Amino acid sequence: MARIPLRDLCGARSGDKGDISDLSLFADDEAAFEVIKAEVTAERVKALFGSLVQGEVVRYEAANVWALKFVMQAALGGGAPRSLRSDNLGKTFGAALLRLEIEVPDEVAAASVRRGRRAPLDAWRT
Amino acid sequence: MTGTVRIGGGQGFYGDGIEPVADVLDAGVDYLVCEALAELTLAILQKDRQRDESLGYTRDLPLYLRVALPHILDGRTKFITNAGGINPIAAGRAAVAAAKAAGANGLKVATVVGDDVRPLAEQGVIDLPDDTLFANAYLGARPIVDALQQGADVVITGRVADASLFVAPLVHEFGWSWEDWDRLAAGVAIGHLLECSGQVAGGNYSGAWWENPDPMRVGFPLAECEADGSAVITKPDKTGGMVTFDTVREQLLYEVHDPAHYLNPDATADFTSLAVEDQGRDRVRVSGARGGPPPASYKALRCTPAGWSGEVRMAYSWPDAEAKARAALHFIRTKAEQRGVVVDEWCEEFFGAGAYWGERSDCEPPEVVGRLAWRCADAETASAVARSVGVLGLSGPPTISGTGRDRGGKPTQLLAVDPFPVDKALVDAQVRVDVQEV
Chain A
50 MARIPLRDLC GARSGDKGDI SDLSLFADDE AAFEVIKAEV TAERVKALFG SLVQGEVVRY
110 EAANVWALKF VMQAALGGGA PRSLRSDNLG KTFGAALLRL EIEVPDEVAA ASVRRGRRAP
170 LDAWRT
Chain B
5 MTGTVRIGGG QGFYGDGIEP VADVLDAGVD YLVCEALAEL TLAILQKDRQ RDESLGYTRD
65 LPLYLRVALP HILDGRTKFI TNAGGINPIA AGRAAVAAAK AAGANGLKVA TVVGDDVRPL
125 AEQGVIDLPD DTLFANAYLG ARPIVDALQQ GADVVITGRV ADASLFVAPL VHEFGWSWED
185 WDRLAAGVAI GHLLECSGQV AGGNYSGAWW ENPDPMRVGF PLAECEADGS AVITKPDKTG
245 GMVTFDTVRE QLLYEVHDPA HYLNPDATAD FTSLAVEDQG RDRVRVSGAR GGPPPASYKA
305 LRCTPAGWSG EVRMAYSWPD AEAKARAALH FIRTKAEQRG VVVDEWCEEF FGAGAYWGER
365 SDCEPPEVVG RLAWRCADAE TASAVARSVG VLGLSGPPTI SGTGRDRGGK PTQLLAVDPF
425 PVDKALVDAQ VRVDVQEV
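As they're listed, the protein sequences go chains A and B.
Numbered per this note's numbering, the first sequence finishes at 175, counting up by one with no gaps.
Numbered per this note's numbering, the second sequence finishes at 442, counting up by one with no gaps.
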């Protein structure tokens, strides 16, 4: 088994509806999907966000696209037009989830195309 | 029997790009659909309308219309948008004016009104808080279909559900029944995939975003739709970005909550039933959508005042950058308390030192930006907090610098926007479609 951050296994996108933050977590194949289904529970996600998320976290599955969804209540400081936070839409929450470290079978970790992939700095120097 | 219907996603929010719309039009679309309204947008439009009763719609509507008009006047493309915001009548006038200025003749412009549910509160059939600033139901596709059947070339609506803007032309073209849940759910899926413009085509992509081809001109999407509800999501040739399995599924699940029950006023869509097939070359086929009846009520949003905020930012350099920024924010808070300024809520953030999630780094950052935001009952109190910020320049921690020309603590009104259900029959009874010829 390897312990890796979700960043090395998954993609993620987050959005908002009122004070609800809505996260999607994407695995790249069936094996990785089974791993995140077992490891990334609503309880762990709730614990990861701590005081940022005041309400409950409910998890849904979309096996057709190897994805988990997390719907987090009372998560955005009252909702975008009411919130004092700079990230009032919770656009960074998907990335926040990618910090979570999980236990992954070695072969699943090794097969991940996302592992160790980093954005280059040199391409954007002007 | 209608063949393939091509629909372009021309806008994802108020302030989106204009140039990609020309590429979508040149690629040839039967309908250009511009989705202009996020929840936050309605609050922005409310502030516009508070200043000027003739506003309250997204003011970039004429820009989009002007780009599309040559195609519309040629009969190649019809234009559907919810740019009407909380004032569709004014938006309709703006659209007519833009069309006249462009020399339009014989153009039919439809305006859909009736999503504003405040009249229902005035009649006493629903309850709204006395200080409600706007209250609008999310209408479905029906009034747009009605407008298209009356021959409209341009349809301007207020708060219609994003995906329903796209469901409407599919129902109109293919003659789908309003009880054909699987077909309507397919339309919802297609609409949902197109409604955020570049976000299905490489924008906001969480994977290897840096590998986006030609990222400075990410294309807007279009769908080639079939009568059975299947569609290919693609983008115009020679535009940047990419349409792949990965970019499509990131948009498919965006903000939908329970993916097996995505609630829309026309149908409840099961996105977990959708087959998503990457055909290569920026073409992704979606098919097999299943659906069921929509919720019995319309979802509506009501907006009420929620106080006033102010905020300031200041940057400090190494050494001890974070400690300095923390000391500076503490300075402003303490001064406000000493002067008896009543603040209902504070928000402290330290960019470079865990602003978003409280994440800490072991290394000492070369600089930290401290951000202090606050909420007070009124604008005057909110602006009073910022009075001590300048004092930091000579009496606070060393190495302060600006962060550009920010608003310097100028107050902003906060708004609470809350969802609530409204009886469909009550709303439908007041929905009206006005078609006028330019």
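For each residue, glycine too, the CB sits at the ideal point set by N, CA and C.
Nothing here was measured: the structure is a model prediction, and the numbers come from that model.
Buried or exposed by the 16-neighbour rule on C-beta atoms within 10 Å, applied to residue i
i               : result
M50 of chain A  : exposed
E150 of chain A : exposed
Q154 of chain B : exposed
D155 of chain A : exposed
E384 of chain B : exposed
G165 of chain A : exposed
C59 of chain A  : buried
V346 of chain B : exposed
N208 of chain B : buried
C307 of chain B : buried
I22 of chain B  : exposed
C38 of chain B  : buried
Y328 of chain B : According to the sequence provided, residue 328 of chain B is Lys. The question's Tyr does not apply to it. So K328 of chain B counts as buried.
K414 of chain B : exposed
V162 of chain A : exposed
Contact set for residue i: own chain, Cβ-Cβ below 6 Å, skip 5 residues either direction
i               : result
S392 of chain B : I336, K339
R88 of chain B  : First, the residue type needs correcting, since residue 88 of chain B is Gly and not Arg in the sequence shown. Here the set comprises Y61, A95, I160, T161, G162.
A151 of chain B : A114, V159, V437
Y109 of chain A : K118
Nearest to residue i (by Cα), restricted to the options the options
i               : options                        : result
C380 of chain B : B:E349, B:Y360, B:E353         : B:E349
T243 of chain B : B:G202, B:D282, B:V260         : B:G202
G223 of chain B : B:V9, B:Q15, B:E441            : B:Q15
A160 of chain A : A:S70, A:D68, A:F82, A:G67     : A:F82
Q283 of chain B : B:D232, B:I237, B:V316, B:L69  : B:I237
W213 of chain B : B:V437, B:A190, B:T248, B:E259 : B:T248
E444 of chain B : B:G358, B:V372, B:V290, B:A42  : Residue 444 of chain B cannot be examined here, being either before or after the span of chain B that is shown, 5 to 442.
A31 of chain B  : B:N268, B:G144, B:A145, B:V9   : B:V9
E79 of chain A  : A:E105, A:N113, A:R108         : A:N113
Contacts around residue i, its chain only, beta-carbon distance under 8 Å, and the 5 residues preceding and following it disregarded
i               : result
A125 of chain B : D131, L132, T136, A139
P66 of chain B  : A98, A99, A101, A102
R148 of chain A : P54, L55, R56, L97
Contact set for residue i: own chain, Cβ-Cβ below 7 Å, skip 5 residues either direction
i               : result
A26 of chain B  : V71
T81 of chain B  : L29, V33, D34, Y35, L36, A72, H75
M246 of chain B : A205, G206, N216, P217, D286
V149 of chain B : A172, V175, H176
K140 of chain A : S63
G67 of chain A  : G128
Q434 of chain B : G118, P123
A273 of chain B : A189, V192, A193, Y266, A293, G295
S277 of chain B : G292, A293, R294
Backbone CA spacing between residue i and residue j [nearest angstrom]
i               : j               : result
S399 of chain B : A331 of chain B : 11 Å
E85 of chain A  : A76 of chain A  : Note that residue 85 of chain A corresponds to Ile in the displayed sequence, not to Glu. Those two C-alpha atoms are separated by around 8 Å.
D56 of chain B  : V159 of chain B : 24 Å
A264 of chain B : E341 of chain B : 50 Å
D120 of chain B : A40 of chain B  : 17 Å
T6 of chain B   : V171 of chain B : 15 Å
A165 of chain B : P402 of chain B : 52 Å
D250 of chain B : V288 of chain B : 10 Å
T115 of chain B : T416 of chain B : 32 Å
F354 of chain B : G314 of chain B : 16 Å
V252 of chain B : L197 of chain B : 7 Å
G406 of chain B : G397 of chain B : 10 Å
A189 of chain B : P219 of chain B : 32 Å
Y320 of chain B : Y142 of chain B : 46 Å
D382 of chain B : L55 of chain A  : 44 Å
A390 of chain B : R134 of chain A : 17 Å
V260 of chain B : A193 of chain B : 11 Å
A300 of chain B : D241 of chain B : 42 Å
A124 of chain A : N109 of chain B : 51 Å
D270 of chain B : S168 of chain B : 7 Å
A357 of chain B : R146 of chain B : 50 Å
N- and C-terminal bounds of the alpha helix (DSSP H) containing residue i
i               : result
V4 of chain B   : The shown model of chain B, from 5 to 442, leaves out residue 4 of chain B, and the question about it has no answer.
Q255 of chain B : 249-256
Q153 of chain B : 146-153
K339 of chain B : 325-342
K95 of chain A  : 91-98
T385 of chain B : 383-389
Extent of the continuous beta strand (DSSP E) run through residue i
i               : result
T45 of chain B  : It is not in any beta strand (DSSP E) - T45 of chain B instead sits in the alpha helix (DSSP H) that spans 43-55.
D427 of chain B : 416-427
Y109 of chain A : 106-111
W378 of chain B : 371-380
K66 of chain A  : 60-66
Check: residue i C-beta below 8 Å from any heavy atom of the ligand PLP
i              : result
A47 of chain B : Looking at this structure, you won't find the ligand PLP or any other ligand, since it has none at all.
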